[in-house]
Amino acid sequence: MIKQLSQRLLGPVTLLCLALTFWLGLWVTPPDRIQGNLVRLLYVHPAVAWVALYVSFGTATIASILYLWKRTRSFTMDRIAHCAMEVSVVFIVLTLITGSIWGRPTWGVWWAWDARLTSTAILGVLAVGYLALRRANDDSTLRARRSAVFAILSAINVPIIHFSVQWWKTLHQGATVFTSNRQLLVHGSMAWTLLLSFVGFTLLFFWLLRARYRLEVLRESTQQMMLDEALLLRQREGVM
Amino acid sequence: MIRTAWLVAKKDLLIERRSRVLLWQVLPFGAMALLLSGLALGPAHAGTSSAGPGLFYLVMLFVALLMINRSYVIESTPGTRASVQTLGLDPAGVFLGKSLALCVELWLSGLVLLAGTVLVLHTGLHGALVALPSVLVTLAAMSAAGTLYGALTAGAQGAATLLPVLTLPAFAPLLVAGERSFSAALTHSGLWEWWLIVAVALVAYVGVGILLYGVLEES
Numbered sequence: 005m006i007k008q009l010s011q012r013l014l015g016p017v018t019l020l021c022l023a024l025t026f027w028l029g030l031w032v033t034p035p036d037r038i039q040g041n042l043v044r045l046l047y048v049h050p051a052v053a054w055v056a057l058y059v060s061f062g063t064a065t066i067a068s069i070l071y072l073w074k075r076t077r078s079f080t081m082d083r084i085a086h087c088a089m090e091v092s093v094v095f096i097v098l099t100l101i102t103g104s105i106w107g108r109p110t111w112g113v114w115w116a117w118d119a120r121l122t123s124t125a126i127l128g129v130l131a132v133g134y135l136a137l138r139r140a141n142d143d144s145t146l147r148a149r150r151s152a153v154f155a156i157l158s159a160i161n162v163p164i165i166h167f168s169v170q171w172w173k174t175l176h177q178g179a180t181v182f183t184s185n186r187q188l189l190v191h192g193s194m195a196w197t198l199l200l201s202f203v204g205f206t207l208l209f210f211w212l213l214r215a216r217y218r219l220e221v222l223r224e225s226t227q228q229m230m231l232d233e234a235l236l237l238r239q240r241e242g243v244m
Numbered sequence: 069m070i071r072t073a074w075l076v077a078k079k080d081l082l083i084e085r086r087s088r089v090l091l092w093q094v095l096p097f098g099a100m101a102l103l104l105s106g107l108a109l110g111p112a113h114a115g116t117s118s119a120g121p122g123l124f125y126l127v128m129l130f131v132a133l134l135m136i137n138r139s140y141v142i143e144s145t146p147g148t149r150a151s152v153q154t155l156g157l158d159p160a161g162v163f164l165g166k167s168l169a170l171c172v173e174l175w176l177s178g179l180v181l182l183a184g185t186v187l188v189l190h191t192g193l194h195g196a197l198v199a200l201p202s203v204l205v206t207l208a209a210m211s212a213a214g215t216l217y218g219a220l221t222a223g224a225q226g227a228a229t230l231l232p233v234l235t236l237p238a239f240a241p242l243l244v245a246g247e248r249s250f251s252a253a254l255t256h257s258g259l260w261e262w263w264l265i266v267a268v269a270l271v272a273y274v275g276v277g278i279l280l281y282g283v284l285e286e287s
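Each protein sequence line maps, in turn, to chains A and B.
Quick note: to get the numbering used here, add 4 to the position in the first sequence (first position is 1).
Quick note: to get the numbering used here, add 68 to the position in the second sequence (first position is 1).
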């Protein structure tokens with residue numbers, strides 16, 4: 005009952021959160037003292053990056069580990085990893101696009117050889133590589149094992165991206181929401197809008213993941229039905 | 069595990085010694101790629117550019133891709149993988165053996181191409197010799213990573229084209245760290261931090277390979 009209700013509410017709550025984020029971000033919050041109206045993009049970019057790097061890639065990695073662990077091995081885990089990685093590709097591309105739009109007026113260039121930008125782009129290629137690897141293997145068990153290993157190997161890149169701003173100190177700024185002492189740097193309506201954007205985009209990820217998962221299950225069952233039909237047809241041919 | 073590793077490495081190196089693919093195909097390709105790099109820079113800049121270390125690693129990366137592919141192609145004849153599996157060899161040993169063989173091949177190529185870099189791109193000989201240990205560690209890390217990625221794509225549809233797509237992003241941090249430590253050796257500046265990154269990557273890839281290679285071989 006609760007599960008059904010939460011599933012039904014996921015979509016509307018996500019839309020409500022995102023609509024509120026856009027309303028607050030575009031009309032309610034004030035422009036920044038230095039960045040002016042450009043700050044409004046920051047209600048989208050950090051939240052999208054959070055989903056791309058940590059939520060979706062993290063989900064894919066955890067599901068891959070659970071698939072490889074014999075006690076929890078099931079194709080459900082493989083399917084979750086696959087769907088999460090597909091959604092991850094979308095969010096990584098969005099992260100790069102929104103970052104680039106922000107970078108042009110701020111840094112003067114669409115793309116800079118910055119450590120975080122480059123490592124995020126590499127993560128995007130890895131995510132696409134994961135999908136390519138899945139397409140290259142027909143056997144479902146082989147595909148699941150190989151892609152699970154690849155997802156775990158690719159996840160090594162996530163802490164590199166996270167710490168890149170500290171290790172290399174290139175253009176991309178470091179942590180701007182909290183200080184190293186966990187003190188909030190953003191206040192008032194700006195802080196609430198930022199928080200809401202994180203919640204909204206995280207919910208959007210789970211909504212998309214759920215939709216993609218259901219689609220994958222349907223695709224697999226259709227494929228199985230077609231296979232069964234083809235087998236039945238061949239059997240009939242043999243009898244005749 | 070060590071015995072298996074030694075056996076597998078010896079087998080791979082013996083095949084290489086007999087087929088001489090490294091000597092007659094891969095090394096000439098590497099030399100050509102190095103020459104083309106010089107041409108791409110232009111005759112005026114090829115001898116004076118500081119891009120030598122980067123170009124050396126870029127060429128090594130292409131050579132590594134060819135050698136990784138080769139390392140799994142020699143096992144692609146029907147029944148070879150199955151017969152290796154039925155022998156009951158320790159997968160961790162197989163991983164270490166294949167990595168070791170690939171590492172030796174990359175080291176040999178690296179030495180030749182490093183000499184080529186000194187000769188063609190006028191990289192300082194003293195700096196190249198100082199950078200040599202870091203080059204060897206970087207190539208060892210590349211071989212461990214490459215063995216893993218090679219196993220991931222072995223037998224897959226379009227394995228030859230899939231391998232670079234999966235391997236190049238993983239090699240990118242190694243390329244950066246290797247190039248920085250090489251450049252640092254040429255300019256006599258901080259060498260150790262980049263060494264450390266490469267060494268950590270080597271240990272990480274060997275560790276992950278020992279743990280996960282069995283899963284790939286199982287399939």
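No residue lacks a Cβ here, since even glycine has one placed at the ideal position from N, Cα and C.
Note that the structure is a prediction, hence the values are computed from the model and not measured.
Item, Value
"Through-space distance from A/Leu200 to A/Ala159, alpha-carbon basis", "27 Å"
"Residue of A/Phe202, A/Leu208 and A/Trp114 minimising C-alpha distance to A/Val94", "A/Leu208"
"Any C-beta of chain A under 8 Å from that of B/Gln93", "no"
"Endpoints, the alpha helix (DSSP H) within which A/Ile160 is located", "Where A/Ile160 is concerned, there is no enclosing alpha helix (DSSP H), given that its DSSP letter is neither H nor E."
"Under 7 Å from the C-beta of B/Gln225: neighbouring residues of chain A", "Ala140"
"The stretch 115–144 of chain A: positions lying closer than 7 Å to chain C by Cβ", "This model lacks chain C altogether; the protein chains it does include are A and B."
"C-alpha distance - A/Glu224 paired with A/Leu30, whole-angstrom precision", "42 Å"
"For A/Asp36, the residue or residues it bridges with in DSSP", "A/Gly40"
"When A/Cys21, A/Val55, A/Asn41 and A/Ala234 are compared against A/Val97, the one with the closest alpha-carbon", "A/Val55"
"Per-residue contacts from B/Ala209 into chain A (C-beta, under 7 Å)", "Ordered by position in chain A, no residue passes the 7 Å Cβ test against B/Ala209, which lies about 12 Å from the chain."
"Between the CA atoms of A/Thr226 and A/Pro34 - distance to the nearest angstrom", "52 Å"
"Residue-level contact to chain A via CB, B/Pro237, 8 Å cutoff", "yes"
"Listed by chain order, chain B residues near A/Phe95 by CB distance under 9 Å", "Within 9 Å Cβ-Cβ: nothing; A/Phe95 doesn't reach chain B, min ~17 Å."
"Best match in A/Ala67, A/Gln177, A/Tyr47 and A/Lys7 for proximity to A/Thr25 [C-alpha to C-alpha]", "A/Tyr47"
"Proximal residues of chain A, C-beta to C-beta of B/Ala297 below 7 Å", "Outside the modelled stretch of chain B, which goes from 69 to 287, sits residue 297 of chain B, for which no answer is possible."
"Alpha-carbon to alpha-carbon, A/Gly178 and B/Glu261", "21 Å"
"8 Å Cβ cutoff, B/Val274 in contact with chain A", "no"
"Range covered by the alpha helix (DSSP H) that runs through A/Gly103", "Phe79 to Trp111"
"Short CB-CB distance (under 8 Å) between A/Ile164 and chain B", "yes"
"Beta carbon proximity, B/Val233 to chain A, threshold 8 Å", "yes"
"Interface residues of the stretch 64–82 of chain A facing chain B [CB-CB below 8 Å]", "Leu72"
"With 16 other Cβ atoms within 10 Å as the buried cut-off, status of B/Ala112", "exposed"
"For B/Thr235 and B/Leu182, the rounded distance between their alpha carbons", "22 Å"
"Selected residue, minimal CA-CA separation from A/Asn41, among A/Gly192, A/Val169, A/Ile69 and A/Trp106", "A/Trp106"
"Contact check, A/Ala85 vs A/Ala64, beta carbons under 8 Å", "yes"
"Test: A/Phe154 CB closer than 8 Å to a CB of chain B", "yes"
"Secondary structure of B/Leu104, DSSP reduced to three states", "helix"
"The stretch 208–221 of chain B / the stretch 80–88 of chain B touching (three or more Cβ pairs under 8 Å)", "no"
"C-alpha distance - A/Ala131 paired with A/Glu241, whole-angstrom precision", "44 Å"
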